[in-house]
Amino acid sequence: MANSVDEECDYLFKAVLIGDSAVGKSNLLSRFAKDEFYLDSKPTIGVEFAYRNIRVGDKLIKSQIWDTAGQERFRAITSSYYRGALGALLVYDITRRSTFENLRKWLKELREFGSPEMVIVLVGNKSDLSQSREVKLEDGQSLAQLEELSFMETSAKENLNVEEAFLQMITRIYELNCHKSL
Ligand code: GDP
32 MANSVDEECD
42 YLFKAVLIGD
52 SAVGKSNLLS
62 RFAKDEFYLD
72 SKPTIGVEFA
82 YRNIRVGDKL
92 IKSQIWDTAG
102 QERFRAITSS
112 YYRGALGALL
122 VYDITRRSTF
132 ENLRKWLKEL
142 REFGSPEMVI
152 VLVGNKSDLS
162 QSREVKLEDG
172 QSLAQLEELS
182 FMETSAKENL
192 NVEEAFLQMI
202 TRIYELNCHK
212 SL
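Position one of the sequence shown corresponds to residue 32 (my numbering), numbered consecutively onward.
Structure representation (structure tokens):
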């Protein structure tokens, strides 16, 4: 690839958020993109995305991150949502076991519609609510190990590990797709 990429790293990629309704996807994204948190679920339905520029080493990378914005409630996520995505944050809620059980279904869908090299980071959100925990930290770790995913527990509310989860995904995408071609 041309050296101009090396200098400017004019690199744009798409990543998606996926997981059951109300696990905190929108809030993770607004934390990461705007550093905001919403107490109520946003009523908007339809795909939304946000951009953020990230510096990896001396390169500037633009990530376009898509949020389902409620479509999963109606099982209305289509293959176009995943098309071209190089990364995914697969999110569950540590206080709702069902959101963890449903990960298999989301993984199947990610692997069916996503690219085979997609970087998937498993995210157990709402770690601030440890008194209502229904999914042990070790359960998340074991699943991640089994499925060869990165894993992190986060709190969008308290802004814990949010930046780290996105950065881990973005750095890995960069290593796999951008770095090698420079
Ligand atoms: P989405 O449907 O997956 O996009 O979920 P939302 O981002 O809309 O969040 C659903 C609900 O969970 C909202 O009431 C949020 O305020 C709340 N929420 C999201 N993240 C956290 C978190 O880390 N901790 C706590 N305590 N609540 C959260």
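Here a beta-carbon is modelled for each residue, glycine too, at the ideal position from N, C-alpha and C.
Collapsed DSSP secondary structure at residue i in the structure displayed
| i | result |
| --- | --- |
| V193 | helix |
| N133 | coil |
| F80 | strand |
| S52 | coil |
| Y69 | coil |
| R86 | strand |
| Y205 | helix |
Host alpha helix (DSSP H) of residue i (start-end)
| i | result |
| --- | --- |
| Y123 | It is not in any alpha helix (DSSP H) - Y123 instead sits in the beta strand (DSSP E) that spans 116-124. |
| Y112 | 110-113 |
Cβ-based neighbour list, residue i, same chain, cut-off 8 Å, excluding 5 preceding and 5 following
| i | result |
| --- | --- |
| R164 | I125, T126 |
| L134 | G50, L121, Y123, L153, L174 |
| Y205 | Y42, V87, K90, I92 |
| F68 | N58, S61, R62, A187, K188, N190 |
Cβ distance (whole Å) where residue i is taken to contact residue j below 8 Å
| i | j | result |
| --- | --- | --- |
| Y113 | Q95 | Not a contact, Cβ separation roughly 13 Å. |
| F197 | F44 | Incorrect: roughly 12 Å between the Cβ atoms, too far for contact. |
| G118 | A46 | 4 Å |
Where the beta strand (DSSP E) containing residue i begins and where it ends
| i | result |
| --- | --- |
| L91 | 90-98 |
heavy atom of ligand 2 below 7 Å from residue i C-beta
| i | result |
| --- | --- |
| N58 | As far as ligands go, the structure on display features ligand 1 and does not contain ligand 2. |
Sequence-distant residues of its chain with Cβ nearer than 6 Å to residue i (five each side left out)
| i | result |
| --- | --- |
| I201 | I85, S94 |
| Q176 | none |
Sequence-distant residues of the same chain with beta carbon closer than 7 Å to residue i, five excluded per side
| i | result |
| --- | --- |
| L168 | E184 |
| T130 | G50, D51, V54, Y123, D124 |
| G171 | L153, G155, F182, E184 |
Checklist entry - Taking only runs of the alpha helix (DSSP H) that begin and end inside the segment 143-202, which ones reach a length of at least 4 residues, in chain order? => result List check, alpha helix (DSSP H) in window: 168-178.
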